[in-house]
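Notes to accompany the following structure.
Numbering (this note's numbering), first residue to last: -4 to 305.
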């Protein structure tokens, strides 16, 4: 494991609490406590995914000039890396990160009454959704601004985790606010300026940019297309292209993956927005969803446009 040995945690220091949720069929996530802090333990179920799982660990971790372990991706809007452990079997390989009590954004949107704070139920307000959107964008700004740019390559609502920030003592009368952080970096990779192409077809179909599905050149603007899809999902609270992925009232069958891919690549299928969604938000999301990657705004430009809105 090389440099990862610097981040190895002792299993005896970890107390398992409960299984929490699954990150797809390939990963199992459990809640635990490590040296007094709540953490999430992610283990890989499928040996075929071990290389990408190890790559994710290496991306999240590094060490300074004094060989002291420090997080590589150190940003308030990226899930904090804590450490790793492994044993005799590949199934023992475990990524240790901070625990996000709110679960995934997709889970929060799927519930008519989200139990995000666990102490009471509520629905995400529009202001909370805007906060989540801003945090996602700020996470992308960080990734895309690193000296060696990092592409997420699989930005979805499943890879946005939610938690809450407690008000400071001086603001104790204020309610806790929602915080969103990016995770799911098993498909991410750093890129150099002279990289001409990346792995074709990487990412989740309904969030993938047309150029990714086409197997051609792509860069950080592919992440921006995925952001546009997530912005639509935040508005409608429905899975992207949901109206095309289920049996219609008239008995029309759902689209196949092949037909969906063609629709995304040609622009004949687009994520939808609700009628009462603010016009500026729809315009911003649709800019991100441009078929031509060169017409999409950068993460920093999206961050600016979101912050000038009241």
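Glycine is no exception: its CB is placed at the ideal position from the N, C-alpha and C atoms. All values derive from a computational prediction rather than experimental measurement.
For residue 126, the enclosing alpha helix (DSSP H) begins and ends at 121 to 140. For residue 275, the CB contacts under 7 Å within the same chain, skipping 5 residues up- and downstream, are 304 in chain order. Counted as a single uninterrupted DSSP element, the beta strand (DSSP E) harbouring residue 38 occupies residues 32 to 39. Of the candidates 240, 95, 250, the residue whose Cα lies closest to the Cα of residue 160 is 95.
In the structure shown, the three-state DSSP call for residue 88 is coil. The C-beta separation of residue 174 from residue 201 comes to about 25 Å, leaving the pair out of contact by the 8 Å criterion. Per the C-alpha coordinates, the member of 0, 33, 219 positioned closest to residue 12 is 33. Residue pairing by DSSP places residue 98 opposite 157 in a beta bridge. CA-to-CA, the gap between residue 286 and residue 248 works out to about 26 Å.
Annotation note: the stretch 202 to 259 contains the following uninterrupted alpha helix (DSSP H) runs of length 4 or greater, listed N- to C-terminal: 205 to 208, 216 to 231. Judged by pairs of C-beta atoms under 8 Å, the stretch 282 to 299 touches the stretch 215 to 224, as three or more such pairs exist. Residues of the same chain with a CB within less than 6 Å of the CB of residue 72, apart from the 5 flanking positions on each side, are 130, 133, 134, 176 in chain order. Residue range 76 to 80 is occupied by the beta strand (DSSP E) that includes residue 80. Contact between residue 136 and residue 295 holds: CB atoms are separated by about 5 Å, below the 8 Å threshold.
Selection 124, 123, 181 evaluated against residue 146 yields 181 as nearest (Cα-Cα).
Bounds of any beta strand (DSSP E) do not take in residue 276; it lies within the alpha helix (DSSP H) bounded by 274 to 283. Between residue 26 and residue 80 a beta carbon distance of about 16 Å is seen, past the 8 Å cut, so the two are scored as non-contacting. By the beta-carbon neighbour count (other beta carbons within 10 angstroms, threshold 16), residue 212 is exposed.
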